[in-house]
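Numbered according to this note's numbering, the sequence shown spans residues 1 to 358. Everything below concerns the one structure shown next.
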Amino acid sequence: MQKLYDNPLVHEAPAGVRVPAELQIGRVRLAPATVLAPMAGITDTVFRRFIREMDGCGLLMTEFTSADGVTRKKDKKAQRFLNFYDDEHPISSQLFGSNPVSLAEAARIVEGFGFDLVDLNLGCPAKKVVKCNGGSGLLRELPVIQKIFESVRAAVKIPFTVKFRAGWSESELVFRELAKMAEGCGLDAVAMHARTREQGYSGQAQWQWIAELKSLVSIPVIGNGDIRTPEDARAMVAETGCDGVMIGRAAAANPWIFRQISQYTATGSYDIASRSDRHEMIRRYFEMLIEEGFPDAIGKMKQFASWFTHGVEGGAKLRKEIYESKSAQKIVDAVNVFFAVAPRGVDEAGHTAGSGYE
């Protein structure tokens with residue numbers, strides 16, 4: 001499994017700086033100005049509602065979805081990606097593709113489904129997406145991107161946004177031209193992951209690029225990359241002046257991060273999850289997976305086991321039991337038994353030294 005992070009950093013910011021309490025994107029108000037990043041295989045309806053229950057996230061986003069799949073009415077995978085519930089609003093549907101016509105039609109469809117926003121993915125670095133000229137593969141095709149911007153903008157009335165990487169490589173940075181193009185075509189906001197396609201998820205996000213981007217356009221700018229703690233979120237706002245922050249991998253490891261940022265914004269401090277909090281969190285997510293009836297619920301439980309038990313004393317033992325379990329109920333039983341027995345050094349409230357997520 002891919003490591004959650006490379007080169008962890010510690011960010012600092014002036015005490016008076018806070019993540020904005022709200023952000024207006026077109027006619028949609030986000031409160032607070034925090035966004036759950038779209039993540040393939042992660043941000044399905046169960047995880048999104050789970051994050052919403054945790055509180056503090058301003059905008060949820062779907063997994064990135066093929067525009068061609070959306071326009072094919074019998075594409076069951078796309079249909080599942082686009083399934084959402086009333087309690088997920090505000091919610092944005094993220095699309096990818098390279099055909100302006102099919103992207104415009106897909107945008108019309110998701111608008112009809114009731115999504116609050118539609119977003120274009122120009123950031124995914126996965127080879128299978130890039131080889132089809134989707135995601136960050138389009139970063140070398142600015143004229144095509146302009147046609148897509150114009151076609152989708154003309155097709156929908158809901159806010160239209162774009163998420164992109166800074167460029168294909170450090171020698172092929174296009175974020176400046178891309179952001180100005182987005183604003184000129186009438187997009188309502190831009191979000192940038194401050195890495196290049198070549199970087200993937202390695203190395204350090206270059207926040208100075210977000211600061212430069214903010215100076216170039218008047219539409220809202222959302223920063224993404226290397227936000228692991230509320231302190232990081234505050235530091236990004238301080239260093240870049242961005243209007244909001246987007247969080248991906250850290251939310252999979254620490255689903256409380258949006259609530260913590262909200263607390264930090266309001267009071268300057270935030271709660272650290274106890275052992276009992278983690279038990280309830282894991283139990284609740286697994287319960288929601290079972291309730292939804294996903295055919296791959298067991299696989300998702302095993303996928304999230306490493307993230308959700310990150311920092312839990314004795315977590316390796318629980319992960320082993322989860323990986324070896326053959327049914328969803330056995331996984332839930334293993335979780336309940338594990339947390340019912342407090343390890344040495346844990347008090348009655350479930351607290352232990354180093355109990356926060358790293």
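Here a beta-carbon is modelled for each residue, glycine too, at the ideal position from N, C-alpha and C.
Quick check: alanine 104 and valine 118, are their CB atoms within less than 8 Å of each other?
Counted from its first residue, the sequence shown places residue 104 at position 104. Counted from its first residue, the sequence shown places residue 118 at position 118. Using a Cβ distance threshold of 8 Å, alanine 104 and valine 118 do not count as a contacting pair.
Tell me whether glycine 186 sits in a helix, a strand or coil according to DSSP, three-state version.
Here the question's residue 186 lines up with position 186 in the sequence shown. Note: glycine 186 maps to coil in three-state DSSP.
Restricting to runs no shorter than 4 residues, where is the alpha helix (DSSP H) found entirely within the segment 84-119?
Listed in chain order, the complete alpha helix (DSSP H) runs (minimum 4 residues) inside the segment 84-119 are 100-113.
Quick one: using the 10 Å Cβ neighbour count with 16 as the cut-off for buried, is glutamine 199 buried or exposed?
Start at 1 with the first residue of the sequence shown, and residue 199 comes out as number 199. Under this definition glutamine 199 is a buried residue.
Give me, in chain order, the residues of the same chain whose beta-carbon lies closer than 8 Å to that of tryptophan 209; leave out the 5 immediate sequence neighbours on both sides.
On the sequence shown, position 209 is the one that residue 209 refers to. Counting only residues of its own chain and dropping the five nearest sequence neighbours on each side, tryptophan 209 has a CB closer than 8 Å to the CB of Ala166, Leu173, Phe175, Met192, Ala194.
Could you pull the DSSP bridge partners for histidine 193 from this structure?
Taking the first residue of the sequence shown as 1, we reach residue 193 at position 193. Beta-bridge pairing links histidine 193 to Arg165, Asn224.
What is the rounded straight-line gap between the Cα of arginine 278 and the Cα of threonine 34?
Stepping through the sequence shown from its first residue, residue 278 is reached at position 278. Stepping through the sequence shown from its first residue, residue 34 is reached at position 34. Answer to the nearest angstrom: the Cα atoms are 22 Å apart.
Continuous beta strand (DSSP E) stretch holding threonine 229: start and end
One-based indexing of the sequence shown puts residue 229 at position 229. For threonine 229, no beta strand (DSSP E) encloses it, and the DSSP letter there is neither H nor E.
Whether alanine 78 touches threonine 62 by CB criterion (8 Å)
Against the sequence shown, residue 78 aligns to sequence position 78. Against the sequence shown, residue 62 aligns to sequence position 62. The answer is no: Cβ separation not under 8 Å.
The beta strand (DSSP E) spanning leucine 30 covers which residue range?
Taking the sequence shown and counting its residues from 1, one reaches residue 30 at position 30. Leucine 30 -> beta strand (DSSP E) spans 28-30.
With contact counted as at least three CB pairs below 8 Å, one residue from each stretch, are the segment 312-324 and the segment 333-341 in contact?
Result yes; three or more Cβ-Cβ pairs closer than 8 Å.
For lysine 214 and threonine 240, which I take to be in contact (beta-carbon distance under 8 Å), what is that distance rounded to the nearest angstrom?
Numbered from its first residue, the sequence shown carries residue 214 at position 214. Numbered from its first residue, the sequence shown carries residue 240 at position 240. With a contact defined as Cβ atoms closer than 8 Å, lysine 214 and threonine 240 qualify at about 6 Å.
Taking DSSP as the reference, what is the three-state secondary structure of glutamate 358?
Taking the first residue of the sequence shown as position 1, residue 358 is located at position 358. At glutamate 358, the pLDDT of 26 sits below 50, so the modelled position is not reliable and the matter cannot be decided from this model.
Ordered along the chain, which non-local residues of its own chain (more than five positions away) have a Cβ less than 6 Å from that of tyrosine 285?
Sequence index remark: in the sequence shown, residue 285 carries index 285 (1-based). Listed in chain order, the non-local C-beta contacts of tyrosine 285 below 6 Å within the same chain comprise Phe50, local neighbours out to five positions each way being set aside.
Strictly by DSSP, which residues pair up with threonine 71?
What you label residue 71 is simply residue 71 of the sequence shown in a count that begins at 1. According to DSSP, which records beta bridges pairwise, threonine 71 is partnered with nothing at all.
Span of the alpha helix (DSSP H), counted from its first residue to its last, around leucine 23:
The count along the sequence shown starts at 1 and reaches residue 23 at position 23. First-last for leucine 23: 23-25, but that is the beta strand (DSSP E), not the alpha helix (DSSP H).
Alpha-carbon to alpha-carbon, threonine 265 and isoleucine 227:
By one-based count along the sequence shown, residue 227 stands at place 227. By one-based count along the sequence shown, residue 265 stands at place 265. Taking the straight line from one Cα to the other gives about 15 Å.
According to DSSP, what are the bridge partners of threonine 34?
Within the sequence shown, residue 34 is the residue found at index 34, counting from 1. DSSP output for threonine 34 lists Val245 as bridge partner(s).
Who pairs with leucine 173 in a beta bridge, going by DSSP?
Along the sequence shown, one-based indexing puts residue 173 at 173. Gly167, per the DSSP bridge assignment.
Residue of Gly26, Arg18, Arg259 minimising C-alpha distance to valine 190:
The residue you call residue 190 lines up with position 190 of the sequence shown. Selected option, being the one with the closest Cα: Gly26.
By the three-class DSSP mapping on this structure, what secondary structure does asparagine 254 have?
Residue numbering aside, residue 254 sits at position 254 when the sequence shown is read from its first letter. Coil.
Cβ neighbour criterion (16 or more within 10 Å) applied to serine 325
Taking the first residue of the sequence shown as position 1, residue 325 is located at position 325. With 16 or more other Cβ atoms within 10 Å, it is buried.
Pairwise C-alpha distance: glutamine 94 and serine 355:
Here residue 355 refers to the residue found at position 355 when the sequence shown is read from its first residue. Here residue 94 refers to the residue found at position 94 when the sequence shown is read from its first residue. Low confidence applies to serine 355: its pLDDT is 32, below 50, so where it sits in the model is not reliable enough to give any reading.
Short of 6 Å in beta carbon distance, which residues of its chain neighbour alanine 359, apart from the five on each side in sequence? Order them along the chain.
Residue coverage of the chain in this structure runs from 1 to 358, which leaves residue 359 outside it and unanswerable.
For the 8 Å Cβ check, are there 3 or more pairs between the segment 154-161 and the segment 108-116?
By the Cβ criterion, the segment 154-161 is in contact with the segment 108-116, since at least three pairs of Cβ atoms, one from each stretch, lie closer than 8 Å.
Which whole-angstrom value describes the C-beta separation of leucine 23 and aspartate 243, a residue pair presumed to lie in contact below a C-beta threshold of 8 Å?
Reading the sequence shown from its first residue, position 23 is the one you call residue 23. Reading the sequence shown from its first residue, position 243 is the one you call residue 243. The Cβ separation is near 5 Å, so the contact holds.
Is methionine 61 helix, strand or coil when you go by DSSP?
Taking the sequence shown and counting its residues from 1, one reaches residue 61 at position 61. Note: methionine 61 maps to strand in three-state DSSP.
Name the two residues that bound the continuous alpha helix (DSSP H) containing serine 215.
By one-based count along the sequence shown, residue 215 stands at place 215. Taken as a continuous stretch (DSSP letters only), the alpha helix (DSSP H) holding serine 215 covers 207-216.
Since serine 323 and lysine 300 are thought to touch, with beta carbons under 8 Å apart, how far apart are those beta carbons, to the nearest angstrom?
Mapped onto the sequence shown, residue 323 falls at position 323. Mapped onto the sequence shown, residue 300 falls at position 300. Looking at the sequence provided, one finds tyrosine at residue 323 rather than serine. Actually they are not in contact, since the Cβ atoms of tyrosine 323 and lysine 300 sit about 13 Å apart, beyond 8 Å.
Looking at C-alpha atoms only, which residue of Pro38, Val28, Ala21 is the closest neighbour of glycine 225?
As a position in the sequence shown, residue 225 is number 225, starting the count at 1. For the residues Pro38, Val28, Ala21, the minimum Cα distance to glycine 225 belongs to Pro38.
Compute the Euclidean distance between the alpha carbons of glutamate 280 and methionine 54, then round it to the nearest angstrom.
Numbered from 1 along the sequence shown, position 280 holds the residue referred to as residue 280. Numbered from 1 along the sequence shown, position 54 holds the residue referred to as residue 54. Between glutamate 280 and methionine 54, the C-alpha separation is close to 11 Å.
Under the three-state DSSP convention, the category serine 262 falls into:
Taking the sequence shown and counting its residues from 1, the one referred to as residue 262 is at position 262. Under the three-state reduction of DSSP output, serine 262 falls in the helix class.
Residues in the same chain with beta-carbon distance under 8 Å from leucine 187, minus the five sequence neighbours each way, listed in chain order, please.
In the sequence shown, residue 187 corresponds to position 187, counting from 1. Within the same chain, Phe149, Arg153, Phe160, Thr161, Val162, Ile219 come within 8 Å of leucine 187 by CB-CB distance, once the 5 residues on both sides are set aside.
Pull up the distance between the alpha-carbon of arginine 80 and that of alanine 251, whole angstroms please.
Counted from its first residue, the sequence shown places residue 80 at position 80. Counted from its first residue, the sequence shown places residue 251 at position 251. Each residue's alpha carbon lies about 22 Å from the other.
CA nearest to the CA of alanine 21, picked from Pro295, Arg234, Ile298
Residue 21 sits at position 21 when you count from the first residue of the sequence shown. Closest by alpha carbon: Arg234.
Residue(s) in a DSSP beta bridge with leucine 122:
Your numbering for residue 122 matches position 122 in the sequence shown. According to DSSP, leucine 122 bridges with Phe164.
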